Amino acid sequence: MHLYNLTLQPPTAITQAIVGNFSGVRQQEIITSYGTRLELLRPDPQTGKIATILSTDVFGSIRSLAAFRLTGGTKDYAIVGSDSGRIIILDYDPKTSSFVKLHQETFGKSGARRIVPGQYLAVDPKGRSAMISAMEKSKLVYILNRDAAANLTISSPLEAHKNGAIIHHIVGLDVGFENPTFAALEVDYTESDQDPTGEAFRNAEKMLTYYELDLGLNHVVRKWSEPTDPRANLLLQVPGGQLASSDRFDGPSGVLVCCEDHIIYRHMDAPQHRVPIPRRKHPLDNRDRGMLIVSAVMHKMKGAFFFLVQNEDGDLFKVTIEHEDEEVKALKIKYFDTVPVASSLCILKSGFLFVASEFSNHYFYQFQKLGDDDDEPEFSSTSYRSFGMEDPTSPLPHEYFRPRPLENLALADEIESLDPILDSKVLNILPNSDTPQIFAACGRGSRSSLRTLRHGLEVEESVSSDLPGIPNAVWTTKKREDDAYDSYIILSFVNGTLVLSIGETIEEVQDTGFLSSARTLAVQQIGTDALLQVHPEGIRHVLANGHVTEWKAPSGKSIVNATTNKRQVVVALSSAELVYFELDLEGQLNEYQDRKAMGSTVLALSIAEVPEGRQRTPFLAVGCEDQTVRVISLDPESTLETISLQALTAPPSSICIAEMLDASINKSQPTLFVNIGLQNGVLLRTVLDPTNGQLTDTRTRFLGTRPVKLIRVQIQRNPAILALSSRSWLNYIHQNHMYFTPLIFESFDFAWSFSAELSPEGLIGITGSTLRIFQIPKLGTQLKQDSIPLLYTPRKFIAHENYFYLVEGDHRVLGEDAGEKKLAELRQQGKKIDQEVIDLPVEVFGRPKAPAGTWGSAIRIIDPVKAETVAYIPLDSNEAAFSLAVVPFSVRGGELHLVVGTAADTTVSPRSCSSGFLRTYKFTDEGRGLELLHKTETDDVPLALLAFQGRLVAGVGKALRIYDIGKKKLLRKVENKVGNDNTIQTFTSPIITLNTQGSRIIVGEMQESVSFVAYKAPENRLLVFADDSQSRWVSAVTMVDYNTVAIGDRFGNVVVNRLDPKESEQVDEDPTGAGILHEKGVLMGAPHKTKMIAHFHVGDLITSIHKVAMVAGGREILLYTGLHGTVGILVPFVSKEDVDFISTLEQHLRTEQSSLVGRDQLSWRGYYTPVKAVVDGDLCETFARLPGPKQSAIAGELDRTVGEVLKKLEQLRVTTSGF
Amino acid sequence: MSSELRYTANTQLEHLHARYTGTGHADLTKNYSRTREWLTHQHRDTLSSIVGHPTLTSFLAIADGVSIARVKYDMTQKMLQPCGPPPKKDDD
């Protein structure tokens, strides 16, 4: 087996975001790291919307990002710290819209290692140097400068290592133009490692150390080191240094040390200031827990600065420092607003805040005010003795604030993110859909959701109105060439034409010069100010003055087909003749003297738009009933001569020539595409060679069951093609990338562009007798998401009949019922309860936090078609649900039951619970409800459940058991036993996945990979007969066939393991299992071992794998989801030639494309184990972005043309995923 | 092994130890305190690897119901002494 890995949806979790002027223009942009990808986002300050400009896979893991600007420069650069053992400086080139690697300096081994720098990055605010640091010991300082030609230069590294120091954080100090200084938060472990009494450990101090880079001596010195709070986690730069123009100080310089519960201002030789981090005045909140600052941002304005810091609940606080020159007078903190917990905060100069959420959607807020004059209580260091530092070891008294809805911020935009995907299903259950949907349980806590992902573009309908009859076509047209918007909508009916004018209202008009008594074949705004209508009897040319010239079809013949552009008209007559007209310089439409006889009825015609600055387009494509398409010249030298001919597999139904810029074919000039829609629903896209008129590079795609109609439209001022069949598709260009995506909407009979003041980029379409005007708001997306909100983190869900059964739960959260109880208790004690705070929306503020071991959990029934929750069953007594299965118990005549595995008082680390339970439910109300039959106690957490031969097989902790249903509880029938002595030998780590086929159970263990278990009914035995020779932290498993499993693991690998079919047979033929029982174990495990046949590092933690067919009638593939929002597929190759071809291509690309973070692609994909039998499709697809000469060179080596290579890549993607 | 060779081998090893924290040596399995030293290094490597891989910190944060920053903080704090205090030294 050889697999082709392709990412359908890249990860959407932002691990870090930085802001800067990366294009070098005034506008600020955001660079986000998605762990393995870099993106450049451009916010529009006018509309407050964010657009993705560039997205690129780096084939490595990005661990840190920083923006810097050389002194006096106007352009920001990005420094990237990754797992490549290299420091990278990236420059965004707005011309080519790509990141350019300016510098790549190697300093260590690859991999996220403890002492190889890459984890932390800090830059001098004046852009003179950067420090890159490891988790322990190593810190390297690079000097950044520019050479005589103003190019960025980087020095060799200077070491600032400290042996045995664990580094918590580093930051660049703002010291103005003095020597660049960096502050580090370090703990030394050398003494605690030597002291057996533990005294040194308890007294270990966290040191705040300043490292000064002496620019004169080219040397780094440890300038200052003082102990600070042992619970510090984050450093923040405080502005400092003098302005060049005046002697005023920007700020006091130094750092803010964010610690658990406190924020301390520190600087060399300056008094400390400490303020507490205020807590929510929430009656149910757990007040004993510490509070960390998770993210922070400093913002400098003219003459002032402030910090926004965020705690673990998402509350933002504004921190200000009152200072006189370099002397700090007070450190102040006050509540600002509450937004989702962020991994990064970015403030833009245009008054926006970008919140890169650690989970779920990312938000873009606009500042309404800065919280300056409100009555929010402010806490100042001056209100405590010695500025809060009287006794640094004891905490300051808790201070409280009242959480409230947003006051200072207003939501401007939202970026959808699937992160984290915890479970998924691939099913086709939505009506009117011929491809399956992906249902993903996403999100964390109260911001969780169940999302339906459909391949396609979202359509936003703005107008829908019913018409008196059923039109067969619709057009819109402007009156004059230079009009901004369309003036008329023309509707063609079987025996008439209706003209509507677009104004404040849309109404019928009569005196337009159009013939209303016949149907219309084509409408065109022609010349500068004339209109043209083609109807079966002739062509009407309506001049600006209202005068109409008419060309009549010869008697006995009618026009059957027409194609037009601004200067040319071609009509086909019923006698299979073509008549050609061209506009002359006076604006007269002239017929060409000859007519062209085609010999076969013309079914479709098309000419392209007139190219800029030209008189005419030289090509006409004609589709005939004899299943051919001919390209005919319109050049004056050879008018109406046939140039080329292409045979088709079915009669054509529509043709459309369009000039589009496909960067994979030609990066600088648009390519002329001839799109041919066939009556069997297939679309052919061929390239028309402009020099010789030949049709080359044909790509096919199945669009739907109806004959294809093709319409040229405008999307973002670029030509695009709308292809209508039983589904509507849009072929368009977005950010230099060509997309071919279905529209998620009813199918259309006809459609056209529509441009009016209210909807400048709209489309108009007809479905039956309904006229619709619509927009496509999210161009560039491939998956449309619809979500159903959940209350807790979804853990697992299953589909049964028409409903989804989902278990959700959260640790350290107070459940609803426990919360109510506690509230009642408080009320009884006579405490005043602030109802407003309790009623704050949980999606934003979250549920009240509780100590470890407390859970909020529920079972939810969801109707995925109607996208609503049908029933919600909260669990009480601190139980949390972890697994579920629908089991047809054969002793009850196959009656279906839902079994939910729960546990009470669970703690995650160390793993424990007071008791596990198997809750057995009966379905009521046709699955819309559940009735609890009984609860069965277990000794551990049941993490995996599965129906097995009319009974239940459960992974309860490390034990594999089979249960049958009883009256009062489930009855344990068998537990796996191994070894001759018949002792119960459990698995070595908890069981987390179960799969079955026949009497075989596939057990996935948390740490020890996958085992094959046979159930021998006669002896009632569960026997482990095969396992993996390698330990593996399994996270998802699916059976590819009876002997083969696909495994996803926690470190981002996908593995396929196979058991030898002979061994498999041997086990199956043994009726009692005695043979296996007495066989000798191998490598301290089962007697047989599976063989690894494929291995690949995806880079995201795999949360589910499915074996599905994504396109109707397509091959089965493996689809996986990743924690950070990745959706990818593994496609088995069908032939050896394909494997050889694609692997060789991959090899060439590996040498061509170097990773942006300097990671070797092969070692990245073989992070833990070398890649085996998997080709990296993401790398192969970068072929399309290579410069032309390189493409041809590689294609030449492969003995193919560039077109053939691209076609093969597209075919691999389209035929298997439909994307 | 000639004495000269042994000498260079040793300095190389010393150099390795100075440069790459946690590098093993021949005495690792000799006694308990050495094994503990190795174990401590293993744990520190694991903890720093968790902090260095964004997917792992997310995973742990979801499992335990805390923020990613808390996971990173806890892991880094743990690096100071991941396996408890060292055993009492018996003269080896």
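Sequence lines, in order, name chains V and E. Mapped onto my numbering, the consecutive letters of the first sequence carry residue numbers 8 to 1226. Mapped onto my numbering, the consecutive letters of the second sequence carry residue numbers 131 to 222. Ideal placement from N, C-alpha and C gives every residue a C-beta, glycine not left out. Given the structure is predicted, the values throughout are model-derived calculations rather than measurements.
Practice item. Would you mind reading off the limits of the alpha helix (DSSP H) that contains Pro384/V? Key: For Pro384/V, there is no enclosing alpha helix (DSSP H), as DSSP marks it with neither H nor E.
Check your understanding: Of the residues His226/V, Phe189/V and Asp195/V, which one's Cα is nearest the Cα of Lys169/V?
Key -> Of the listed residues, the one whose Cα sits closest to Lys169/V is Asp195/V.
Practice item. In the DSSP assignment, find the alpha helix (DSSP H) that holds Pro1068/V and state where it starts and stops. Key: From DSSP, the alpha helix (DSSP H) with Pro1068/V extends over Pro1068 to Glu1076.
**Study point:** Unbroken alpha helix (DSSP H) run spanning Cys353/V, endpoints
**Key:** That residue, Cys353/V, is in no alpha helix (DSSP H); its beta strand (DSSP E) goes Ala349 to Leu355.
Check your understanding: Thr571/V to Ser471/V, Cα distance in whole Å?
Key -> Thr571/V and Ser471/V have their C-alpha atoms some 28 Å from each other.
Point to revise | Buried versus exposed, by CB contacts within 10 Å (16 or more), Thr990/V | key: Residue placement at Thr990/V is poorly supported in this model, since its pLDDT is 49, which falls under 50; the coordinates still yield a value, given next. It counts as exposed.
Review point. Does Met138/V get closer than 8 Å to chain E when you measure Cβ to Cβ?
Key: Contacts with chain E at 8 Å (Cβ-Cβ) do not include Met138/V.
Check your understanding: How should Arg287/V be labelled, buried or exposed, when 16 other C-beta atoms within 10 angstroms of its C-beta is the threshold for buried?
Key -> Counting Cβ neighbours within 10 Å, Arg287/V comes out buried, since at least 16 surround it.
Review point. Does the distance from the CB of Arg153/V to the CB of Leu77/V come in under 8 Å?
Key: In terms of Cβ geometry, Arg153/V and Leu77/V form a close pair [threshold 8 Å].
**Study point:** C-beta neighbour in chain E for Ile427/V, strict 8 Å
**Key:** For the sequence presented, residue 427/V should be read as Pro rather than Ile. Yes, Pro427/V counts as interfacial toward chain E.
Check your understanding: For Gln53/V, does the count of other Cβ atoms within 10 angstroms reach 16, so buried, or fall short, so exposed?
Key -> Exposed, because fewer than 16 other Cβ atoms sit within 10 Å of the Cβ of Gln53/V.
Exercise for review: Can you tell me which of Ile69/V, Phe757/V, Val1209/V and Val335/V puts its alpha carbon nearest to the alpha carbon of Ser1162/V?
Suggested key: Out of Ile69/V, Phe757/V, Val1209/V and Val335/V, Ile69/V has the C-alpha closest to the C-alpha of Ser1162/V.
Exercise for review: Please check if any C-beta of chain V sits within less than 8 Å of the C-beta of Tyr162/E.
Suggested key: It does not; no Cβ of chain V falls within 8 Å.
Point to revise | Under 9 Å by beta carbon: chain E residues contacting Glu319/V | key: Simply Val196, Ser197, Ala199 and Arg200.
**Study point:** Beta carbon proximity, Ile173/V to chain E, threshold 8 Å
**Key:** With 8 Å as the cut-off, Ile173/V counts as an interface residue toward chain E.
Check your understanding: Alpha carbon to alpha carbon, how far is Ile869/V from Phe747/V?
Key -> Rounded to the nearest angstrom, the two C-alpha atoms are 32 Å apart.
**Study point:** Contact set for Leu939/V: own chain, Cβ-Cβ below 7 Å, skip 5 residues either direction
**Key:** Counting only Cβ-Cβ distances below 7 Å, and skipping sequence neighbours, we find Arg926 and Tyr928.
Review point. Hey, Gln1168/V and Asp1183/V are a contact pair by Cβ (cut 8 Å); roughly how many whole angstroms apart?
Key: Right, the Cβ-Cβ distance comes to about 7 Å (below 8 Å), so this counts as a contact.
Exercise for review: Between the Cα of His147/E and those of Ile122/V, Ala825/V and Lys82/V, spot the shortest distance and give me the residue it belongs to.
Suggested key: Ranking Ile122/V, Ala825/V and Lys82/V by CA distance to the CA of His147/E puts Ile122/V first.
Practice item. Check Leu1205/V in the structure and name its three-state DSSP category. Key: Reduced to three states, the DSSP call for Leu1205/V is coil.
Check your understanding: Hey, Val1118/V and Gly1225/V are a contact pair by Cβ (cut 8 Å); roughly how many whole angstroms apart?
Key -> In this structure, Val1118/V and Gly1225/V form a Cβ contact; the two beta carbons are roughly 4 Å apart against a cut-off of 8 Å.
Review point. Does the beta-carbon of Asn673/V have 16 or more other beta-carbons within 10 angstroms, so that it is buried, or is it exposed?
Key: Asn673/V should be labelled exposed.
Exercise for review: Scan the region 196-228 of chain V for residues whose Cβ lies nearer than 9 Å to a Cβ of chain E and list them as they occur along the chain.
Suggested key: Using a CB distance below 9 Å, the part of the region 196-228 of chain V facing chain E consists of Tyr196, Ser199, Asp200, Gln201, Asp202, Pro203, Thr204, Gly205, Glu206, Ala207, Phe208 and Ala211, ordered along the chain.
Exercise for review: Please confirm whether Ile880/V and Ala859/V have their CB atoms less than 8 Å apart.
Suggested key: In this structure, Ile880/V sits away from Ala859/V, with a CB-CB distance that is not shorter than 8 Å.
Review point. Roughly how many angstroms separate the alpha carbons of Pro475/V and Leu731/V, rounded to a whole number?
Key: Spanning the two alpha carbons is a distance of roughly 23 Å.
Point to revise | Interface residues of chain E facing Ser350/V [CB-CB closer than 7 Å] | key: From the beta-carbon of Ser350/V, the residues of chain E found nearer than 7 Å are Ile198.
**Study point:** Asp157/E at chain V interface by Cβ criterion, 8 Å
**Key:** Chain V contact via Cβ: absent.
Exercise for review: Count the other CB atoms, across all protein chains shown, that sit within 10 Å of the CB of Lys146/V; report buried if there are 16 or more and exposed otherwise.
Suggested key: Taking all protein chains shown into account, Lys146/V has 16 or more neighbouring C-beta atoms within 10 Å of its C-beta and is therefore buried.
Practice item. Would you please state the rounded distance, in angstroms, between the beta carbons of Val516/V and Val506/V? I believe it to be under 8 Å. Key: About 5 Å separates the two Cβ atoms, so the contact holds.
Review point. What does a CB cutoff of less than 7 Å around Met111/V pick up in its chain, not counting 5 residues either side in sequence?
Key: The sequence shown places Gln at residue 111/V, not Met. Scanning its chain for C-beta atoms nearer than 7 Å, with the 5 sequence neighbours on each side dropped, one finds around Gln111/V the residues Arg93, Ile95 and Gly1165, in chain order.
Review point. Per DSSP, which one or two residues make a beta bridge with Asp946/V?
Key: DSSP output for Asp946/V lists no bridge partner at all.
Practice item. Output yes if chain V places a C-beta closer than 8 Å to the C-beta of Gly182/E; else output no. Key: Yes, contact with chain V.
Point to revise | Chain-order list of residues whose beta-carbon lies under 8 Å from that of Thr800/V (same chain, five-residue window excluded) | key: Spatial neighbours of Thr800/V in its own chain (CB-CB distance under 8 Å, excluding positions within 5 residues in sequence) are listed in chain order as Leu429, Gly450, Arg451, Gly452, Ser455, Glu815, Gly816 and Asp817.
Exercise for review: Taking 8 Å as the cut-off, decide whether the C-beta atoms of Ile998/V and Gly957/V are in contact.
Suggested key: Between Ile998/V and Gly957/V, the gap from beta carbon to beta carbon reaches 8 Å or more.
Practice item. For Ala1024/V, decide whether its Cβ has a neighbour in chain E, counting only Cβ atoms nearer than 8 Å. Key: At a cut-off of 8 Å between beta-carbon atoms, Ala1024/V makes no contact with chain E.
Point to revise | Against chain E: residues of the region 1128-1156 of chain V by CB proximity under 8 Å | key: The residues in question are Gly1129, Leu1130 and His1131.
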